[in-house]
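For reference, the structure is listed below as structure tokens.
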Amino acid sequence: MLKMKHLLAATALTAASALSASAETWDMPLAYAATNFHSENAAEFATCVKDKTGGAMEIVTHPSGSLFAGNDIKRAIQTGQAPIGERLISAHQNENPMFGIDSIPFLATSFGAHEQLWDVAGPKVAEILAQQNLVYLYSVPWPPQGLYFKKPVESVADMKGIKFRSYSTATARMAELTGMLPVQVEAAELSQALATGVAESFISSGATGYDRKVWEHLTHFYEVDAWLPRNIVFANKDAWDGLSVETQSAMRDCAATAKANGLQRSKDYTQFTLDGLKAGGMTVGPAGANLVAELKAIGETMTAEWLESAGDEGRAVVDAYKAKN
């Protein structure tokens, strides 16, 4: 009987070791704080993958740029330094104009319109990512973008000389056309940049301002609804190809769930964060008619520049989107 117990124990230990050896762990760098809705959604995606694979695949999220800074995440996934990650795709418009289609000013300014735009643009973006050794899994939009300042702003002339945090080609160009001074600052560094005066203004959703408690440094948020940028979760293709068909299927299922849940989180978070900015003491409301008109004129210039850089393919996508509206 004693020998039998030892044999059973040894068998159980061997089985546990085999399971441990066969399990795969992927590190997932994220640019935003753990409490940001994108990061929370990614953590739920990771839990879903672990559950659906019976523990055979575990994804460990690393928020706040703790594994790779936001600007380095895409390159890290492409080169295999990490197998999976999340990135604001418009930050890479300099690589391909299609990466910035979600940031064409005033093209798609609501969740509904933006999803229609992405129905057309998403597959094109996925094709480009595939050429860069990346597998597109899911994407989630941010809430509509507005402008943050530390003083009342009623016209573009009031913006001149302000140090403006940029995170993409579009935001840098907007700064130039409004007379502001663009400074590149990642989300994880935003609070420090505002506290030290490196940046004095920026365009983003209420979510970023709320997460970073910007009312400690700024006073006004103007609802402009300029665009809705997207975060994309993608995997290194070589790492992806090394997974079993069953694991890939499980991850695709979880990605579809994360896409739907993330969209709803973004919608729910919109008013919540605007209320949070107000509670923090900020003045929150729509931009004045004069400022909106001036920004839309600037948006027309930026749109023309984007269409020229994107060529026939970009025009075809925009035309297909407009045909749906």
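In terms of mature numbering (1 follows the signal peptide of the UniProt record, and there is no 0), the sequence shown is residues -23 to -1, 1 to 302. Glycine included, every Cβ here is placed at the ideal spot set by N, Cα and C.
Beta-carbon gap between residue i and residue j smaller than 8 Å
{"i": "Thr155", "j": "Val133", "result": "yes"}
{"i": "Ala170", "j": "Pro159", "result": "no"}
{"i": "Ala212", "j": "Val112", "result": "yes"}
{"i": "Ser16", "j": "Thr2", "result": "no"}
{"i": "Met5", "j": "Gly42", "result": "no"}
{"i": "Met279", "j": "Trp192", "result": "no"}
{"i": "Gln70", "j": "Thr146", "result": "yes"}
{"i": "Trp283", "j": "Ile81", "result": "yes"}
{"i": "Arg189", "j": "Ser221", "result": "no"}
{"i": "Ser178", "j": "Tyr125", "result": "yes"}
{"i": "Thr250", "j": "Gly186", "result": "yes"}
{"i": "Arg64", "j": "Ile209", "result": "yes"}
{"i": "residue 329", "j": "Thr12", "result": "Any question about residue 329 goes unanswered here, given that the chain covers just -23 to 302."}
{"i": "Ile66", "j": "Met151", "result": "no"}
{"i": "Phe14", "j": "Ala184", "result": "yes"}
{"i": "Ala59", "j": "Ala33", "result": "no"}
{"i": "Gln161", "j": "Tyr298", "result": "no"}
{"i": "Val97", "j": "Ala227", "result": "no"}
{"i": "Ala8", "j": "Ala107", "result": "no"}
Identity of the residue in the options nearest residue i by Cα
{"i": "residue 354", "options": "Gly265, Ala164 and Ser182", "result": "Beyond the ends of the chain as shown, which are -23 and 302, falls residue 354; an answer cannot be given."}
{"i": "Tyr246", "options": "Tyr144, Pro121 and Met5", "result": "Pro121"}
{"i": "Asp296", "options": "Gly77, Leu84, Leu7 and His69", "result": "Leu84"}
{"i": "Val180", "options": "Leu195, Thr173 and Ala172", "result": "Looking at the sequence shown, residue 180 is not Val but Ile. When only C-alpha atoms are compared, the closest one is Leu195."}
{"i": "Glu163", "options": "Cys25, Thr30 and Asn48", "result": "Asn48"}
{"i": "Met157", "options": "Ala172, Phe141 and Ala165", "result": "Phe141"}
{"i": "Ala172", "options": "Lys127, Gly138 and Ala184", "result": "Lys127"}
{"i": "Gly288", "options": "Pro74, Leu7 and Glu21", "result": "Pro74"}
{"i": "Gln109", "options": "Cys231, Phe76 and Tyr298", "result": "Phe76"}
{"i": "Pro40", "options": "Met34, Ala10, Trp204 and Ala20", "result": "Ala10"}
{"i": "Ala20", "options": "Ala232, Trp119 and Leu272", "result": "Ala232"}
{"i": "Pro263", "options": "Asp28, Ala(-1) and His197", "result": "His197"}
{"i": "Trp95", "options": "Ile78, Ile50 and Leu106", "result": "Ile78"}
{"i": "Leu205", "options": "Cys25, Glu72, Ala8 and Ala90", "result": "Ala90"}
{"i": "Glu272", "options": "Glu153, Ala68, Phe45 and Asp28", "result": "Note that residue 272 corresponds to Leu in the displayed sequence, not to Glu. Considering only alpha carbons, the answer is Glu153."}
{"i": "Thr24", "options": "Asp135, Lys301 and Asp230", "result": "Asp230"}
{"i": "residue 303", "options": "Trp119, Gln241, Ala270 and Lys214", "result": "Examination of residue 303 is not possible in this model, given that the chain is present from -23 through 302 alone."}
{"i": "Asp135", "options": "Leu44, Ile50 and Leu268", "result": "Leu268"}
{"i": "Gly265", "options": "Ile139, Gly123, Lys137 and Asp28", "result": "Gly123"}
{"i": "Arg207", "options": "Ala46, Asp28 and Ala68", "result": "Ala68"}
{"i": "Gln241", "options": "Trp119, Ala281, Ile139 and Gly257", "result": "Trp119"}
Residue i, enclosing beta strand (DSSP E) - first and last residue
{"i": "Asn213", "result": "Arg207 to Asn213"}
{"i": "Leu111", "result": "Leu111 to Pro118"}
{"i": "Arg142", "result": "Lys140 to Ser143"}
{"i": "Gly123", "result": "Gly123 to Phe126"}
{"i": "Glu35", "result": "Met34 to His39"}
{"i": "Pro263", "result": "Thr260 to Pro263"}
{"i": "Pro6", "result": "Glu1 to Pro6"}
Start and end residues, alpha helix (DSSP H) containing residue i
{"i": "Ile50", "result": "Gly47 to Gln55"}
{"i": "Phe249", "result": "Val222 to Ala256"}
{"i": "Phe14", "result": "Phe14 to Lys29"}
{"i": "Phe88", "result": "Phe88 to Gln108"}
{"i": "Glu63", "result": "Careful: Glu63 lies outside any alpha helix (DSSP H), inside the beta strand (DSSP E) at Ile61 to Leu65."}
{"i": "Ile275", "result": "Ala266 to Ala300"}
{"i": "Met151", "result": "Thr146 to Thr155"}
Whole-angstrom C-beta distance between residue j and residue i, which should lie under 8 Å
{"i": "Val130", "j": "Tyr199", "result": "7 Å"}
{"i": "Phe117", "j": "Ser243", "result": "At residue 117 the sequence reads Val, which differs from the Phe that was named. The pair is a contact, with the Cβ atoms about 6 Å apart (cut-off 8 Å)."}
{"i": "Thr86", "j": "Asp202", "result": "4 Å"}
{"i": "Lys236", "j": "Tyr115", "result": "4 Å"}
{"i": "Gly239", "j": "Asn18", "result": "4 Å"}
{"i": "Gly57", "j": "Ala216", "result": "7 Å"}
- Message: Could you tell me which whole beta strand (DSSP E) segments of length 3 or greater appear in the stretch 161 to 204?
- Response: 178 to 181 and 197 to 200
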